[in-house]
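Report on the structure given below.
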Amino acid sequence: MKRGLQILGSVVGIIILVIATTLLIHTLFPLRPTKGIEYVDLITIVLSALSIMITILGLFVAALALIGWTTFENKLRDNSLSYLTSELSKEGKLRKEFETILTDLSLQGVRAEEAQQLPESTPEDAGERPYND
Amino acid sequence: MTKLSFEERIDPSEAEVVKSFLTSIPVQVGQLARALGLEVVVAPLPLNISGSIEPRGSSFVIKVNRYEPKARQRFTIAHEIAHFLLHRDRISGGLVDSVLYRSKLASRLETEANKLAADIIMPKEAITDHISTSAMHDDQIDRLAERFNVSRQAAEIRLS
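Chains P and A supply the protein sequences, listed in that same order.
Numbers given in this note's numbering equal positions in the first sequence, counted from 1, plus 86.
For the record, in the second sequence the residue sitting at position 100 is 92 according to this note's numbering, with numbers rising by one throughout.
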């Protein structure tokens, strides 16, 4: 948004500069009346009109781009929030993934400890034993 | 989540079997499982797994992790018994419960199993008797956990 305003400011500055330069040239070198319109005059008028139209079109496109970018940002934020909220809910798949990862992480040290400290399993220990209350 | 008592949610004949074991404290969960036709074994399971229940022959076998404390093993057995009583038709392919009592089943079903497990291992009547005879202080919660042979955390959750 801030960058958009900077660009808009620059465009307005350039327009003001062009107008000021034109006025200065016309003051220093005033136009002399002629008998009729010449090709040079016609081309000058046409090109000026075209410049103005392109400038207006540029401003319009810039405004659209600003609105578009803001909408895109908002939609991205909303969609991310709704996706994460649903995925992290009690039934969410992402929550289950996180739980698995966190459980594995929290038991990493215990696994290392177990590998170092537990006595080697005998054949009897390695298998199942009936549970007694 | 259903508010029904476990007698109303499980097969009446099995409810009778369960009830017959709730009078002696601590509840003998291994014997209860055997009375229900289940086999219970202690096995060296991965450390992030508390237990499992899987079909064996015409019935099921419950495995509990040998590396976990006895109180936790007892709750795991009660949890797997609850799965057997409530979700038998959904566990025909076996079920593995993590240390958080999470499995491929929906969380709602796991919560149901936890609730029934708590009802089995810490029967409401026995808990009520215990509370009526003594006010609950920290050391008394410890004594309650010791009496029911459950973890202090499980006792606290049951009392909350």
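Every residue gets a Cβ at the ideal spot worked out from N, C-alpha and C, and that includes glycine.
All of these numbers come straight from a predicted model, not from anything done at the bench.
Within the model, the alpha-carbon separation for proline 61 (chain A) versus alanine 98 (chain A) is close to 26 Å. For the stretch 158 to 187 of chain P, residues whose beta-carbon sits nearer than 8 Å to a beta-carbon of chain A comprise Lys176, Glu177, Lys182, Glu185, Thr186.
Note: arginine 215 (chain P) is bridge-paired with A:Val34 in the DSSP secondary-structure output. Within chain P, the residues Glu214 have their CB atoms less than 7 Å from the CB of alanine 35 (chain A), given in chain order. For isoleucine 17 (chain A), the three-state secondary structure derived from DSSP is coil. Judged by DSSP secondary structure, lysine 55 (chain A) falls within the beta strand (DSSP E) whose first and last residues are 51 to 57.
One finds Thr189, Asp190, Leu193 in chain P with Cβ atoms closer than 7 Å to the Cβ of asparagine 40 (chain A), taken in chain order.
Burial state of threonine 108 (chain P) is exposed, judged by a 10 Å Cβ sphere holding fewer than 16 other Cβ atoms. Contact between alanine 147 (chain A) and isoleucine 133 (chain A) holds: CB atoms are separated by about 6 Å, below the 8 Å threshold. In this structure leucine 152 (chain P) is not in contact with glycine 99 (chain P), their Cβ atoms being roughly 17 Å apart against a cut-off of 8 Å. Inclusion of histidine 71 (chain A) and glycine 29 (chain A) in the CB contact set at 8 Å is not warranted, their separation being larger than that value.
Contact annotation: glutamate 177 (chain P) and leucine 92 (chain A) have beta-carbon atoms that are not nearer than 8 Å. Here the alpha carbon of threonine 130 (chain P) sits roughly 47 Å from the alpha carbon of leucine 162 (chain P). In this model, valine 10 (chain A) and serine 166 (chain P) are separated by some 48 Å (Cα to Cα). DSSP places glycine 43 (chain A) within a strand segment (E or B) once states are collapsed to three.
For arginine 94 (chain A), the nearest CB of chain P lies under 8 Å from its own CB, placing it at the interface with that chain. Within the stretch 97 to 110 of chain A, the residues whose Cβ lies closer than 7 Å to some Cβ of chain P are Ala98, Ser99, listed in chain order. Spanning the alpha carbons of tyrosine 59 (chain A) and arginine 26 (chain A) requires a straight line of approximately 22 Å. At a Cβ-Cβ threshold of 8 Å, glutamate 102 (chain A) and leucine 78 (chain A) do not count as neighbours.
Within its own chain, the residues whose Cβ lies closer than 7 Å to the Cβ of glutamate 6 (chain A), once the five positions on either side in sequence are excluded, are Leu28, Leu77, listed in chain order. Under the 10 Å beta carbon count, methionine 139 (chain P) is surrounded by fewer than 16 other beta carbons and is classified as exposed.
Within chain P, Glu185, Thr186, Thr189 have C-beta atoms less than 8 Å from the C-beta of serine 90 (chain A), given in sequence order. Nearest to aspartate 219 (chain P) by alpha-carbon distance, out of A:Ser12, A:Ala35, A:Ile69, is A:Ile69. Going by DSSP, leucine 87 (chain A) is part of the beta strand (DSSP E) stretching over 87 to 90.
For arginine 118 (chain P), the secondary structure class from DSSP, reduced to helix, strand or coil, is coil. For the pair valine 104 (chain P) and leucine 145 (chain P), the CB atoms are not nearer than the 8 Å cut-off. With respect to the C-alpha of alanine 110 (chain A), the residue from A:Arg1, A:Arg80, A:Ile149, A:Leu24 having the closest C-alpha is A:Ile149. For glutamine 23 (chain A), the residues of chain P that pass the 8 Å Cβ criterion are Asp219, in the order they occur in the chain. Rounded to the nearest angstrom, the gap between the Cα atoms of threonine 15 (chain A) and lysine 182 (chain P) is 37 Å.
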